Structure formats: C-alpha cells, structure tokens
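Contents: one structure, followed by commentary.
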Amino acid sequence: MTEAAAARATHRITYSRFVAWAKVILPLVALGILSTIFLISHRIDPNSGIPFAEANLDVEALIRDQRITNPTYAGMTSDGTVVTIVANTARPDREDPGHATAENVLARLEEPGGAETVVTAPTGVVDTGAKTLRLSGGVDVNRSDGYEMHAPTVTALLDVGQLDATGPVDGRGPLGTLQAGAMQVFRQKTGGDGGGENYRLVFTEGVRIVYQPKAPEERKTP
Numbered sequence: 235m236t237e238a239a240a241a242r243a244t245h246r247i248t249y250s251r252f253v254a255w256a257k258v259i260l261p262l263v264a265l266g267i268l269s270t271i272f273l274i275s276h277r278i279d280p281n282s283g284i285p286f287a288e289a290n291l292d293v294e295a296l297i298r299d300q301r302i303t304n305p306t307y308a309g310m311t312s313d314g315t316v317v318t319i320v321a322n323t324a325r326p327d328r329e330d331p332g333h334a335t336a337e338n339v340l341a342r343l344e345e346p347g348g349a350e351t352v353v354t355a356p357t358g359v360v361d362t363g364a365k366t367l368r369l370s371g372g373v374d375v376n377r378s379d380g381y382e383m384h385a386p387t388v389t390a391l392l393d394v395g396q397l398d399a400t401g402p403v404d405g406r407g408p409l410g411t412l413q414a415g416a417m418q419v420f421r422q423k424t425g426g427d428g429g430g431e432n433y434r435l436v437f438t439e440g441v442r443i444v445y446q447p448k449a450p451e452e453r454k455t456p
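Each residue of the sequence shown is one higher than the one before, counting from 235 in my numbering.
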C-alpha cells in the first residue's frame, strides 16, 4: 500500500469515528438544552402574571386616539408641480374618515420651472374628498423668489397647487416689507393660447408696501 492510499484510509477511519461519536454526542447536547429550558420554565411563578401587564396600557385610549407618526403625502398637479406634505403626527377623524388633523406640517411645492414654495404651520386639516389642506396656528410661506410671508391661515388646493392665505398677511419681498388682507399663489397662462403657465403671487385687500431700495454696490478700486 502506497503512502497516499494509507493516508486516505486513515482519513476515512477518522471521519467514520467522528460521525459515530456525533450521533451519540449531538442528541445528548440537545437533551441537555431541552432539560435546561424545562428547568428554567419551572422556576417561573404562574401567579406573577405576564410582565407586559405591569405597563398598565390603556388599550381603549390607544384605539380612541389613533395616530399616524411621520405621515408623508406626495403628488403631482396637472402642470407637473410636485406637491409634498410631511408632518410629525396625523390623527384621522373617527366620524369622517376623509378628514385628518396633522401637527407640525410642512408642505412643499416644486414648480416645473424650478421655483419652490415651502409652507409650514403648527396644525393642518386634510380633506381628501375636497383635496385641500387647511393650515392654521400661524403659517409661514417662503418662496424661492425672495418672498417670506406670514398669515393666520392658508388653504392649499392640492389638485392644482394653489395657496389662498387669509389676512392679515405680512412679510418681506424683494422690494421691501408687505402688508395685505389676503394673498394667493396660483397658476396663470402666459403668452396667449400657445403660451405656458407660470405661478403668480398676488396680494389683495389693502396692500401696503414699504419700499426699501438696495444699497448701491461699492465701487471697486483698480
């Protein structure tokens, strides 16, 4: 018998012995684990109750006060404006499932042309049937074209991307400070029938503007 053949024979004998011992040892190990589980289980006092019961959860209150954490809504208007709404929490109306009250709301309108409007408010009420979001509690409207406005309430028409703010509305713009009784952000066609659509920001009902001219740029010395 060559050395290679002897080595293979020795390997087969060693492997066979390992399998034989494994058939005996593994069941014993499993039996030991099971016995340990049973011994531990016997130490549990059945009269002590389930540990979760100590939390004193009010199940009825949880059912009554249903909340959704960090809800997100995303959609697109017919002109391609992307509408995104996020909130800390939202609570559906038990009597009207189409309504929900949200807290710490942020709504973002991203227009196809690149302009952006961000609206934040402490409270918002969503009406899925009317496709509206009514924001209240002091609403801030910030536009990428330089307008920073504040109003008591703002209603967003989610299907067309329109904002209606009821006054008094006040804030700042590229020309200076602004005050008005109402404000609207809406789409409007430009350039006749063949033109496109742009968003307009319109102030109405007693508009007051305090013009603040920009300081002239300092002359550069050569």
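Positions of the beta carbon are idealized from the N, C-alpha and C atoms, including for glycine. What you are looking at is a predicted structure, and each value in this text was computed from that prediction instead of being measured.
Backbone secondary structure at residue i - three-state DSSP
i, result
"K365", "coil"
"L296", "Note that L296 scores a pLDDT of 45, beneath 50, so its modelled location is shaky; the value from the coordinates is reported in the next line. L296: helix per DSSP, three-state reduction."
"L412", "strand"
"G332", "coil"
"T306", "strand"
"R421", "strand"
"R377", "strand"
6 Å Cβ shell around residue i - same chain, five flanking residues per side excluded
i, result
"L409", "Y445"
"A295", "Model confidence at A295 stands at a pLDDT of 48, short of 50, so the residue's coordinates are unreliable and nothing is read from them."
"D374", "T354, H384"
"K365", "L392, D393"
"N376", "V352, E382"
"D398", "T389, Q418"
Residue i: first and last residue of the uninterrupted beta strand (DSSP E) it sits in
i, result
"D404", "396-407"
"L391", "387-391"
"E431", "431-438"
"V444", "442-445"
Beta-carbon proximity of residue i to residue j, cut-off 8 Å
i, j, result
"A321", "A336", "yes"
"T323", "I302", "yes"
"G332", "D361", "yes"
According to DSSP, residues forming a beta bridge with residue i
i, result
"E344", "V316, E350"
"S370", "T357"
"E232", "Here the chain comprises residues numbered 235 to 456, so residue 232 is not present and cannot be evaluated."
Neighbourhood of residue i by C-beta distance below 8 Å, restricted to the same chain and skipping five residues each side
i, result
"P542", "No information on residue 542 is available, as it lies outside the stretch 235 to 456 that the chain covers here."
"P346", "D313, G314, T315"
"G363", "G332"
Own chain, CB closer than 7 Å to residue i, minus 5 neighbours either side, in chain order
i, result
"G407", "G380, Y381"
"L439", "Going by the sequence as given, residue 439 is Glu instead of Leu. Once the five neighbours on either side are set aside, the close Cβ partners of E439 are G401, A414, G415, A416."
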